[in-house]
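Peer 1: Please read through the structure below; I'll follow up with questions.
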Amino acid sequence: MEEKPKKQKPPTWQSVTGVYEILPEEAPLWEKAYAVVKNAAQFYDFKRMETGIIENADLFTRAVGEDTDIVTKEMFFIRSRSHRWVLRPEGTAPIVRAYLQYGMSAWPQPVKLYYFGPMFRHEKPQAGRYRQMQQTGFEILGGEPDPIFDAQVMLVAFRILRDLGIKDAVTDVNSIGCRVCQPNIKRKLVAYYKTKESKVCPDCRTRISRNPFRLLDCKREECQEIKKEAPTILDSLCSACKTHFRDWLEYLDELKVPYRLNNSLVRGFDYYNRTVFEFFASGTKEESGLAVGGGGRYDYLMEMVGGRPAPGLGFAFGLERLVSVIKEKKNGGGRARRQHIFFIHVGDVAKKRSLGILEMLRKENIPVAASLGKDALGKQIVLADKEGIEIVLIFGQKEVYEESIIIKNLKTGIQETVLLRKMVEEVKRRIKNE
Ligand code: HAM
């Protein structure tokens, strides 16, 4: 009687909950995303800047805001005897810190920077929401607070989406005013919500006194009807903010960048003023409401972290979400590009020459797979078959003496012996015809 295969126990060690790991199969999509981002950065003249993953906690308390979810609930702390650090939850505050630290205000303005890298937020993990995720961000620092830059960052983001094959993305836009009009807007919101205090969720009750703008961001069912009737920010903008908003949208119209007004878009950070926006990709799982990216203007952030006032704005994409979208749209190539050919050695003498033969192919940029640790011909063929490879190269003792190699098509079973010096040329011809 055949022995039943034993059920394998799950491995003892698993990745930490909420940590997104890139498996080899998905890696080509990530490579594509990196390449598209780098290309856009080059085109629009953004320079790469990578800040540390560990930052001082207070940087985010000051920049992102004491009462925001990120600061109150989501930061990962690292403690040493004398310090309290965090794993950075986002990339903008560190970039502004670096602008000040490295004296970038003395460079020609504005300074345009971009970055890739992991960010950490202790959120409830779910599809598209991770505790370790990767962002790519673009920031324009210093110079003039001209709305042309608000349009330019959106254009960069749109070019990236389009180059990734995401052509149906939509952008929500809003203005949240400035120091002049925000107190007035907040007063109106507080006055309205005070009359509804008993009906809103506990978080919103706290927001009324601590962070009224966040009232508009509440996703709880019981708050939706109340939110609909709330005073809108746009109605209370000062004239400078209204002009800025109008000019920004006119640039977008001119550039044919699509957008839709969203009165309740406020974003989850205290550093924004005026321009805020979020990108959504339609026709995908991400329609669950998760944005693929977001950003805005932060003209007060330099001051908030101890620098001289200077404007700033930018956006960041969540790379896991972007990759998930391109995966679903099957625009990114799906599975990893398979190797075209598999190299098989038979016998010790042939094995000794294997690495040299593989190099001949690699030098010509021909991807080749092999299983050098397995000596049995049958086992190597099974592996090649499993990988879905059609063409195998078989190199045995006879071939060593003849300076030849067998090229076999596993699908048709046809095989041919060719001279080693002709191998590259013959392989290229077959790959072309595959
Ligand atoms: P954010 O909206 O918090 O903005 O994040 C940007 C993007 O990162 C989101 O739209 C989303 O795609 C992705 N993301 C955020 N949290 C998670 C998560 N837990 N799991 C997976 N993906 C996530 C910022 O971080 C700002 N620093 C953007 C910015 C740059 N504003 C101005 N410049």
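So the sequence shown is residues 109 to 542, counted in our numbering.
We treat Cβ as the ideally placed atom computed from N, Cα and C, and that holds for glycine.
From this set, H352, E386, G376, which residue's C-alpha is nearest R368's C-alpha?
Peer 2: Against the sequence shown, residue 368 aligns to sequence position 260. When each option's Cα is compared against that of R368, the closest is E386.
Peer 1: Rounding to the nearest angstrom, what Cα-Cα distance links R315 and I497 in this structure?
Peer 2: For the purposes of this step, residue 315 is taken as the residue at position 207 of the sequence shown. For the purposes of this step, residue 497 is taken as the residue at position 389 of the sequence shown. Their backbone Cα atoms lie some 60 Å apart in a straight line.
Peer 1: May I ask which residues mark the beginning and end of the beta strand (DSSP E) holding G449?
Peer 2: The count along the sequence shown starts at 1 and reaches residue 449 at position 341. In the sequence as displayed, the identity of residue 449 is Ile instead of Gly. 449 to 453 is the span of the beta strand (DSSP E), which, as asked, contains I449.
Peer 1: What do you reckon, are the CB atoms on Y359 and P255 nearer than 8 Å?
Peer 2: Mapped onto the sequence shown, residue 359 falls at position 251. Mapped onto the sequence shown, residue 255 falls at position 147. In contact: Y359 and P255 (Cβ atoms closer than 8 Å).
Peer 1: How long is the line joining the alpha carbons of E362 and D258, rounded to whole angstroms?
Peer 2: For the purposes of this step, residue 362 is identified with residue 254 of the sequence shown, where counting begins at 1. For the purposes of this step, residue 258 is identified with residue 150 of the sequence shown, where counting begins at 1. C-alpha separation (whole angstroms): 13 Å.
Peer 1: Taking the Cβ atom as the reference point for each residue, do R429 and G236 lie within a distance shorter than 8 Å?
Peer 2: Walking along the sequence shown from the start, residue 429 turns up at place 321. Walking along the sequence shown from the start, residue 236 turns up at place 128. For R429 and G236, yes; Cβs fall inside 8 Å.
Peer 1: Please work out which residues of its chain come closer than 6 Å, Cβ to Cβ, to P406, disregarding the five sequence neighbours upstream and downstream, and give them in chain order.
Peer 2: For the purposes of this step, residue 406 is identified with residue 298 of the sequence shown, where counting begins at 1. Residue identity check: residue 406 is Tyr in the sequence provided, not Pro. Cβ neighbours of Y406 beyond the five flanking positions: Y379, Y380, G420.
Peer 1: Quick one: is the Cβ of T180 within less than 7 Å of any heavy atom of the ligand HAM?
Peer 2: Counting from one through the sequence shown, the residue named residue 180 turns up at place 72. Answer for T180: no, Cβ out of range of the ligand HAM.
Peer 1: By the three-class DSSP mapping on this structure, what secondary structure does C116 have?
Peer 2: Taking the first residue of the sequence shown as position 1, residue 116 is located at position 8. Note on identity: in this sequence residue 116 is Gln, with Cys being the wrong assignment. Note: Q116 maps to coil in three-state DSSP.
Peer 1: Counting only the same chain and skipping the five closest in sequence on each side, list residues whose C-beta sits under 8 Å from that of C309.
Peer 2: Residue mapping note: residue 309 aligns to position 201 of the sequence shown, counting from 1. Result list for C309: C326, R328, E330, C331, in chain order.
Peer 1: Could you round the C-beta distance between Q243 and G426 to whole angstroms and report it? I think they count as a contact, below 8 Å.
Peer 2: Mapped onto the sequence shown, residue 243 falls at position 135. Mapped onto the sequence shown, residue 426 falls at position 318. The pair is a contact, with the Cβ atoms about 6 Å apart (cut-off 8 Å).
Peer 1: Tell whether a beta-carbon distance below 8 Å holds between N370 and V281.
Peer 2: Along the sequence shown, one-based indexing puts residue 370 at 262. Along the sequence shown, one-based indexing puts residue 281 at 173. In this structure, V281 lies closer than 8 Å to N370 by Cβ.
Peer 1: Check whether the region 465 to 478 touches the region 530 to 537, taking contact to mean three or more Cβ pairs, one atom from each stretch, closer than 8 Å.
Peer 2: yes
Peer 1: Specify the secondary structure class of Q290 as computed by DSSP and reduced to three states.
Peer 2: As a working mapping, residue 290 is identified with position 182 in the sequence shown. Reduced to three states, the DSSP call for Q290 is helix.
Peer 1: Quick check on E495: does DSSP put it in helix, strand or coil?
Peer 2: Here the question's residue 495 lines up with position 387 in the sequence shown. It is coil, neither helix nor strand.
Peer 1: Give me the residue from A477, E507, G173, R416 with the minimum Cα distance to D456.
Peer 2: If you number the sequence shown from 1, residue 456 lands on position 348. Of the candidates A477, E507, G173, R416, the one whose C-alpha sits nearest the C-alpha of D456 is E507.
Peer 1: In whole angstroms, what is the alpha-carbon distance linking G250 and P197?
Peer 2: Counting from one through the sequence shown, the residue named residue 250 turns up at place 142. Counting from one through the sequence shown, the residue named residue 197 turns up at place 89. So the alpha carbons of these two residues sit roughly 23 Å apart.
Peer 1: Could you give the distance in angstroms between the alpha-carbon of V288 and the alpha-carbon of D177?
Peer 2: One-based indexing of the sequence shown puts residue 288 at position 180. One-based indexing of the sequence shown puts residue 177 at position 69. Roughly 25 Å between the two C-alpha positions.
Peer 1: Using 10 angstroms around the beta-carbon of W121, count the other beta-carbons present and answer buried if the total reaches 16, otherwise exposed.
Peer 2: Numbered from 1 along the sequence shown, position 13 holds the residue referred to as residue 121. Answer is exposed; the Cβ neighbour count stays below 16.
Peer 1: With distances taken between CB atoms, is the gap from F503 to I489 smaller than 8 Å?
Peer 2: Counting from 1 along the sequence shown, the entry for residue 503 is found at position 395. Counting from 1 along the sequence shown, the entry for residue 489 is found at position 381. Not a contact, by the Cβ cut-off of 8 Å.
Peer 1: Any chance the CB of A235 is under 7 Å from a heavy atom of the ligand HAM?
Peer 2: Looking up residue 235 in the sequence shown gives position 127. No, since every heavy atom of the ligand HAM falls outside the 7 Å radius drawn around the Cβ of A235.
Peer 1: May I ask you to report which of helix, strand or coil DSSP gives M157?
Peer 2: Position 49 of the sequence shown, counted from the start, is the residue given in the question as residue 157. In the structure shown, M157 sits in coil (DSSP, three-state: anything other than H, G, I, E or B).
Peer 1: Taking only heavy atoms of the ligand HAM into account, decide whether any of them is closer than 7 Å to the Cβ of V413.
Peer 2: What you label residue 413 is simply residue 305 of the sequence shown in a count that begins at 1. No, the Cβ of V413 stays beyond 7 Å of every heavy atom of the ligand HAM.
Peer 1: Report the residue from A348, L345, S344, P320 whose alpha carbon sits nearest the alpha carbon of K335.
Peer 2: As a first step, residue 335 must be located in the sequence shown, where it is residue number 227. If we check each option's Cα against that of K335, P320 comes out closest.
Peer 1: Once the 5 residues before and after M212 are set aside, which same chain residues still bring their CB inside 8 Å of it?
Peer 2: Taking the sequence shown and counting its residues from 1, the one referred to as residue 212 is at position 104. Contacts found: A206, V219, L249, G250.
Peer 1: Pull up the distance between the alpha-carbon of V500 and that of G521, whole angstroms please.
Peer 2: Within the sequence shown, the letter at position 392 stands for residue 500. Within the sequence shown, the letter at position 413 stands for residue 521. Cα-Cα distance, rounded: 10 Å.
Peer 1: For N381, which of helix, strand or coil comes out of DSSP?
Peer 2: One-based indexing of the sequence shown puts residue 381 at position 273. Three-state DSSP puts N381 in a strand.
Peer 1: Grab me the residues of E333's own chain with a C-beta within less than 7 Å of its C-beta, minus the 5 sequence neighbours each way, in chain order.
Peer 2: As a position in the sequence shown, residue 333 is number 225, starting the count at 1. Counting only Cβ-Cβ distances below 7 Å, and skipping sequence neighbours, we find nothing.
Peer 1: Among E495, K146, K536, which residue has its Cα nearest to the Cα of I515?
Peer 2: In the sequence shown, the residue the question calls residue 515 occupies position 407. Nearest option by C-alpha distance: K536.
Peer 1: In its own chain, which residues sit with a C-beta less than 7 Å from the C-beta of L527, not counting the 5 before and 5 after it?
Peer 2: Taking the sequence shown and counting its residues from 1, the one referred to as residue 527 is at position 419. The residues are E511, S512.
Peer 1: Three Cβ pairs or more, each shorter than 8 Å: is that satisfied between the region 297 to 308 and the region 349 to 358?
Peer 2: no
Peer 1: Beta carbon of D483, beta carbon of L518: below 8 Å?
Peer 2: Working through the sequence shown from its first residue, we reach residue 483 at position 375. Working through the sequence shown from its first residue, we reach residue 518 at position 410. No. Outside cutoff.
Peer 1: Does the region 183 to 201 come close enough to the region 157 to 166 to have 3 or more Cβ pairs within less than 8 Å?
Peer 2: yes
Peer 1: Just the Cα atoms here: how many angstroms apart are A458 and I452?
Peer 2: Locating residue 458 in the sequence shown gives position 350, where the first residue counts as 1. Locating residue 452 in the sequence shown gives position 344, where the first residue counts as 1. Inter-residue distance for A458 and I452 is about 9 Å (C-alpha atoms, whole angstroms).
Peer 1: Put A477 into one of helix, strand or coil per three-state DSSP.
Peer 2: Within the sequence shown, the letter at position 369 stands for residue 477. A477: strand per DSSP, three-state reduction.
Peer 1: Compute the beta-carbon to beta-carbon distance between T159 and Y223, rounded to the nearest angstrom, for a pair I have assumed lies under 8 Å.
Peer 2: The sequence position of residue 159 within the sequence shown is 51, counting from 1. The sequence position of residue 223 within the sequence shown is 115, counting from 1. Right, the Cβ-Cβ distance comes to about 7 Å (below 8 Å), so this counts as a contact.
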